Ligand code: MG
Ligand code: MG
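Numbering (UniProt numbering), first residue to last: 1 to 246.
Here's what the structure looks like:
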């Protein structure tokens with residue numbers, strides 16, 4: 001059973017999503033070489049609370065911080081720690097905002113100082129795979145159409161798509177059905193209907209797509225130690241297409 005949202009609920013999620021978008025842009029503007037991941041977490045927490053919202057991830061399944069910070073070969077779920085950002089790093093920041101009873105979820109990957117061409121291409125392809133898949137969303141398409149688009153877009157450009165982690169429905173809970181794999185077959189899976197709200201989140205690797213758990217017990221990193229990128233938006237399916245809430 002996929003919980004459906006009415007237009008007034010989607011409107012609330014849009015307000016929460018705006019806070020989340022502003023949080024991520026604020027963090028991108030503030031993150032510089034020499035800053036620790038703990039400082040970024042604190043900036044995020046302060047910003048979200050100041051906007052009368054709560055960080056969704058804090059305490060979720062005992063997650064100890066407000067956001068996830070995943071640097072270089074860490075794909076997702078990195079716990080902010082004492083690590084200090086360096087020139088040439090790429091960092092994915094994944095955050096959730098709980099506002100007036102609803103969650104929104106979004107992630108961006110950006111660079112610290114100068115990065116090489118390969119890292120830039122990885123970030124761009126991940127962002128474009130998400131944007132292209134969102135462009136397909138309207139009532140009547142199948143979940144597999146989204147999954148297929150992302151996999152096809154990424155693999156045609158020579159990158160890997162992570163299999164074990166998926167996107168998800170979102171609303172009163174941060175993770176609701178359906179699961180949304182980033183690989184799959186066109187025309188397969190459930191049909192999208194008006195009122196569904198989905199978090200789509202391609203996780204893309206520079207090399208092989210296989211992953212392993214980090215030593216902190218939360219982070220997920222590439223097995224081959226190569227870079228990974230992650231973008232995510234929360235999107236509402238509406239009558240004539242979709243609305244990006246974040
Ligand atoms: Mg997320
Ligand atoms: Mg998510």
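Each residue gets a CB set at the ideal place from its N, CA and C atoms; glycine is no exception. Note that the coordinates shown come from a computational prediction; the quantities given were computed from them, not determined experimentally.
* From 242, 239, 161, residue whose alpha carbon lies closest to that of residue 226 -> It is 161.
* CA-CA distance, residue 158 and residue 76? -> Between the alpha carbons of residue 158 and residue 76 lies a gap of roughly 20 Å.
* May I have the straight-line CA-CA distance separating residue 15 from residue 169, to the nearest angstrom? => Taking the straight line joining both Cα atoms gives about 18 Å.
* Leaving aside the five residues before and after residue 134 along the sequence, list all residues of the same chain whose C-beta is less than 8 Å from its C-beta, in chain order. => 200, 233, 235, 242, 244.
* Asked: Which residues in the same chain have their Cβ closer than 6 Å to the Cβ of residue 74, if we skip the five residues on either side of it in sequence?
  -> For residue 74, where only same-chain residues beyond five positions count, the Cβ hits under 6 Å are 219, 221.
* Asked: Where the beta carbon is closer than 6 Å to any heavy atom of ligand 2, which residues qualify, in chain order?
  -> With the cut-off at 6 Å, the residues found are 105, 168, 199, 201, 232.
* If you check the beta carbons only, do residue 33 and residue 112 fall under 7 Å apart? -> Between residue 33 and residue 112, the CB-CB gap stays under 7 Å.
* What residue does the alpha helix (DSSP H) around residue 8 start on, and which one ends it? -> Counting along the chain, the alpha helix (DSSP H) containing residue 8 begins and ends at 7-30.
* Asked: With a cut-off of 7 Å, does the C-beta of residue 46 fall near any C-beta of chain D?
  -> The structure shown contains no chain D, having only a single protein chain.
* Check whether residue 102 and residue 56 have beta carbons under 7 Å apart -> No, the pair does not count as a contact, with Cβ atoms beyond the cut-off.
* To do: Report yes if the CB atom of residue 2 is closer than 7 Å to the CB atom of residue 139, and no otherwise.
  => In this structure, residue 2 sits away from residue 139, with a CB-CB distance that is not shorter than 7 Å.
* How about the region 106-125 and the region 80-92: do they share at least three Cβ pairs that are nearer than 8 Å? -> Three or more beta-carbon pairs drawn from the region 106-125 and the region 80-92 are found closer than 8 Å, and the two stretches are therefore classed as touching.
* **residue 80 beta carbon less than 7 Å from that of residue 38** => With respect to the 7 Å criterion, residue 38 and residue 80 are classified as neighbours on the basis of their beta carbons.
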